[in-house]
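Chains as they are written, first to last, in the working numbering: chain A, 1349 to 1797; chain B, 1349 to 1797.
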C-alpha cells in the first residue's frame, strides 16, 4: 500500500531531494565515518515534517514505540540491524530484560513491546519483559489486538542486579523514557542499561538535542552545498516559565517573536509566501503533550486557564518550566485528504522502516501527535535505502531515501547529545519519580512516538 | 513462491533442526564472538546438501555469482549488509572498481555482475565495472536479459593503481576467482583488493577449507550437543594425480575406499540404510567442472579417455593434480519432481538470501552444478533470520534458519582459511595466468556458483 500523496511537492524540496540523491556516495561515506566516531543510540525514531520547501526533524525519540506499525516485510531488516547493534554494544550478552512504559491498559503500546521482543528474539536473544508497575506481582499474560501475546513479569532487585524468576538478564533494554524520573531500582546496576539512564527525559532536553543537530546539519549542508536552514528549524529556549502562575510570559513572547522574525527573513530570502509559525513545546516533554502553535507573540500572552493547564504539565504529571520555541514546519503531505507526517525508525545505524502519522482533524501547521486524532499509521511501502536513480527525485523510493538521510542526521545528533550528557550527568543525582506513575499517555498517539 | 519440497524429511535432520532452533540464542551469541575475532569474507555463497539425516556444506564460493537469482525483496538486506561490510573493511572508500569474470558472452553471469553493482550503488558507492579482457578497449554497453544494462570498461594501470577513464577507484572488488592465475595487473596495487588475491583458486584448496570447517563444526557441535558428522562431510586429499597420464589411480582408489569406509561406519552407527558414495573433485576447481561420483574404489580405476579428460582440466584450462575425495551427501530435497540443493548467500556476517539449484536430469547422489542441466533457480521466499518458533522445525522459515546457520559455519571456516592463507601465501610468487583466458564456464551453471 503506497500512501497516496496528494500534495503538489514542487520547488525547493525537489531541489533538496535531487541534491541528496546526487551526493549519495559522499553522504554515505560521511555517515560511515560518523558511525565509527560516535556511539549510536540502540534505536531511534524521528518525526519529520516536509513542507515542500523544507524537510526537517521536529522530534527525536530514543525509546521508540510504534515498531508494530512498521511494514512486516521489513522485519528481516530490523533483525540484521539488531544483530549489528548488539554486536557493537554488548556482543557477549544474550539474555535481555525489556522494561516498557507503565501503560498496561494501552494495548497498542503493548503491541509495540511485543514487536520489539520479536525482533530481538529473531536476532537470537532471550528476551523477557519486566514491568515497573507495583501491581504486577506475578507473570501476567496479555492478549494483544493482533493476536500476539505478551507476558509482563515482576522485576526483583538482588544486590546490583535485576532478575526475573529463573532469569538473570545480561543487559537491560529500556523502552521507558523515564519522564517521571529514574527509579532507584534502575540505578547502579551491574548489568548494562541500554539506552543509558541519562537518555531519559529526566535529563534530556529538546534544546540540547537541537543544538547538537545544528552542528550536524551544518556539516552535512556543506557536503551537499545547501543552506542548512532547509533541513534545520530555527529554535530558541525559554528557561523560566511557570504556566500555572502565568510567569515568564514575556520571555516566551519575545522568543516567539525572535523565531518568527528569523523564519520570516528566511522565507523572504527564498521567496516563500507561507506565513511563519512557531511550535512551543516542553523542553523535556514527549507524547505530543504540552505543545502549542503560535503565529504571533500575542498567541502566548494572556493564555486562558485551560490553555495554561494544558501546557503546565506533561506526561506523568511532570511540571513544565523550560520550553523550546521552534520554527514550525508546515506539513504539505497528505494521505487520503488528511494531513500526514513521516516517522522514520532506526536500529543502530540502519533505517529499518517508517510510517505516516495521519490526522484528519488537524491543520498543516499543527502538532499531529494529539489526543483525539484519527490516527492512521501507514507503513512505508519501500525501505529507505534503495533509491531509484532513474526516477524523479519525488518518486517514493527516492523521497524515502531522503527521509532516511535526514532521520539519520537527527539520530547522529542524538548520539552527540548523549555523548555530552554522559560527560555532565551524575546518575547518582538523577531525581526519583516524583509521583507514583500514572497513565496519562493519550491512547491514540501511542503508535506515533 | 515457496519451493514445493516433495521429500519426506524425517528422522535425524528434524532433530538437528530442532536442536538448532532450541539453541538459537547460544548460537547467535557464539557467532557474534566469532564475527569479532575473525576477518570475514566480503561475500560468500555456500552450496548445501540436505539428505534428511545430514545437512552439510559441500562448496564455499568466495566470488559468488548468482546475486541476480536472489529474491528481489531482499535487496534492502543486501544493502544493509554491504554498508556493514564496507564500514568494516574500508570505511573511507566510496569508489569501487568491480572486476568480473571474463565471460562476456554469458549474459546470466553478467546479470549477476549488474546485480552486485546495484547492491553497492544502493549502499552509497560509486561502482564501475572493469574488464580484464584485452578486447575491451572502450566502454562497452551490454543489454541484459532482465532489461538491465551493464557497461564493461577497459582497465588502465598507472604505477600501482588501477584506473578507468575519469575514475580513480579507492578499492577493487573482485568477482573473478582467479582460477587461471593472478594477472600482473592485480599485483602490488596501492588500492585494497577485496577479497584478497590469495582468496582466488590460484592458491585456495578445498581441502584447506574443509580442514578449517572441521574445527568450526567441532566447536559448533559442542554448543548444540551433536556429533559434528551431522553437519560435516568426511573427506581426504589425494595430491599426486595426473588424469591425462592415468597416474595416481591407486592413491585415488584407496582414498575413495577410506572415505566410503568411514561413511559406512557412521551410517551403521546411526542406522542409516542408504548406500554411501563419494564425490571426487579438483581441489582447486570450481564451476562444477572436474567432478565425479564414486560408489566404490573401482569407479575411479581404469577411467576411460572421456572420463579422464573430463577430470583432467577445469576452468580456464587449469590442469588437475590435487583432488579432494569427499563423502557424498544425498540431496533428498526436490522441487516439482526435480532434484534440488539450497545455495545460501552472505554479505559480511549477514545471510542475505538464497535459492534452490534444481536439476531435472540428475540423481540424488550427483553434482547438480553440471553442464546441460535444466537449471531453475528458485529464490527462497523467506529470509534466513526469522524462524517461526511456534511452527514445526521443518516449516520453511525454520528450515531456512537452519540453512543460514550451517552456511554461516562454512563462511566462518572460509574466514579462518583466508587467515591461514594470508600467513603463508607470498603474493609476489603467485603464478600468472598460464593461458590467455578462455570462456569455458558452462552457461547453464552460471547462476549456481
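Backbone N, C-alpha and C define an ideal beta-carbon position, used for all residues, glycine too.
This structure is a prediction, so every number in the text was calculated from the model and none was measured.
Provide the residue(s) that pair with residue 1694 of chain B in DSSP beta bridges, ordered along the chain. B/1392, B/1699
Please classify residue 1365 of chain A as buried or exposed, where buried requires at least 16 other C-beta atoms within 10 Å of its C-beta. buried
Please list the residues of the segment 1425-1454 of chain A that have a C-beta atom closer than 8 Å to any C-beta atom in chain B, keeping them in chain order. 1425, 1427, 1428, 1429, 1431, 1432, 1434, 1435, 1439, 1440, 1441, 1442, 1443
How would you write the range of the beta strand (DSSP E) that residue 1488 of chain B sits in, first residue to last? 1488-1491
As an exercise, report each continuous beta strand (DSSP E) stretch of at least 3 residues that is fully enclosed by the segment 1545-1615 of chain B, in chain order. Within the segment 1545-1615 of chain B, the complete beta strand (DSSP E) runs of at least 3 residues are 1583-1586.
Please report the Cβ distance between residue 1530 of chain B and residue 1675 of chain B, rounded to the nearest whole angstrom; I am assuming they are in contact, meaning their Cβ atoms lie under 8 Å. Contact doesn't hold; Cβ gap of about 32 Å is too wide.
Which one of A/1577, A/1585, A/1490 has the shortest CA to CA distance from residue 1668 of chain A? A/1585
Starting from residue 1641 of chain A, follow its DSSP beta bridges and name the residues at the other end. According to DSSP, which records beta bridges pairwise, residue 1641 of chain A is partnered with A/1627.
Once DSSP output is grouped into helix, strand and coil, what is the label at residue 1432 of chain B? helix
Note down, in chain order, every chain A residue with its Cβ under 8 Å from the Cβ of residue 1515 of chain B. The premise fails here: residue 1515 of chain B is roughly 12 Å from chain A at the closest Cβ pair, so nothing lies under 8 Å.
Closest to residue 1513 of chain A by CA distance: which of A/1501, A/1468, A/1630 is it? Among A/1501, A/1468, A/1630, the Cα nearest to that of residue 1513 of chain A is on A/1501.
Could you run through the segment 1357-1378 of chain B and flag, in chain order, every residue whose CB is less than 8 Å away from some CB of chain A? Listed in chain order, the positions of the segment 1357-1378 of chain B with a beta carbon within less than 8 Å of a beta carbon of chain A are 1372, 1373, 1374, 1375, 1376, 1377.
By DSSP's criteria, residue 1320 of chain B is part of a beta bridge. Which residues make up the other side? Nothing in the structure corresponds to residue 1320 of chain B, since chain B is present only between 1349 and 1797.
Quick one: list the residues of chain A neighbouring residue 1383 of chain B, beta-carbon separation under 7 Å, in chain order. 1435
Own chain residues within Cβ distance below 7 Å of residue 1622 of chain A, not counting five before or after: 1615, 1678
Among A/1751, A/1696, A/1744, A/1404, which residue has its Cα nearest to the Cα of residue 1392 of chain A? A/1696
Report yes if the C-beta distance between residue 1749 of chain A and residue 1431 of chain A is below 9 Å; otherwise report no. Taking C-beta atoms as the reference points, residue 1749 of chain A and residue 1431 of chain A fail to come closer than 9 Å.
Please check if any C-beta of chain A sits within less than 9 Å of the C-beta of residue 1697 of chain B. Residue 1697 of chain B counts as touching chain A.
Would you check if the distance between the CB atom of residue 1672 of chain A and the CB atom of residue 1554 of chain A is smaller than 9 Å? yes
Residue 1739 of chain B classed as buried or exposed, judged by whether at least 16 other C-beta atoms fall within 10 angstroms: exposed
Helix, strand or coil for residue 1514 of chain B, going by three-state DSSP, please let me know. coil
On the DSSP bridge assignment, give the partners of residue 1502 of chain B in chain order. The partner list for residue 1502 of chain B (beta bridge, DSSP) reads B/1479.
Contact list for residue 1421 of chain A against chain B, beta-carbon separation under 8 Å: What residue 1421 of chain A touches in chain B: 1421.
Does the segment 1473-1493 of chain B touch the segment 1517-1537 of chain B, meaning 3 or more C-beta pairs lie closer than 8 Å? yes
Tell me, please, which residues DSSP counts as bridged to residue 1672 of chain B. B/1585, B/1629
Pick out whichever of A/1627, A/1576, A/1542 has its Cα sitting closest to the Cα of residue 1605 of chain A. With respect to the C-alpha of residue 1605 of chain A, the residue from A/1627, A/1576, A/1542 having the closest C-alpha is A/1627.
Residues bridged to residue 1497 of chain B by DSSP? B/1491
Taking the beta carbon of residue 1595 of chain A as the centre, do at least 16 other beta carbons fall within 10 Å, making it buried, or is it exposed? exposed
If residue 1575 of chain B sits next to residue 1569 of chain B, beta carbons under 8 Å apart, how far is it from one beta carbon to the other, in whole angstroms? Yes, residue 1575 of chain B and residue 1569 of chain B are in contact; Cβ-Cβ is about 7 Å, under 8 Å.
CB of residue 1608 of chain A within 9 Å of CB of residue 1648 of chain A, strictly: no
May I ask you to report which of helix, strand or coil DSSP gives residue 1525 of chain B? coil
When you compare the CB positions of residue 1547 of chain B and residue 1766 of chain B, do they come within less than 9 Å of one another, or not? yes
DSSP state of residue 1377 of chain B, grouped into three classes? Three-state result, residue 1377 of chain B: helix.
DSSP three-state label for residue 1704 of chain A, please. strand
Local conformation of residue 1386 of chain A per DSSP, three classes: Secondary structure of residue 1386 of chain A (DSSP, three-state): coil.
What are the boundary residues of the beta strand (DSSP E) that includes residue 1447 of chain B? Counting along the chain, the unbroken beta strand (DSSP E) around residue 1447 of chain B starts and ends at 1443-1448.
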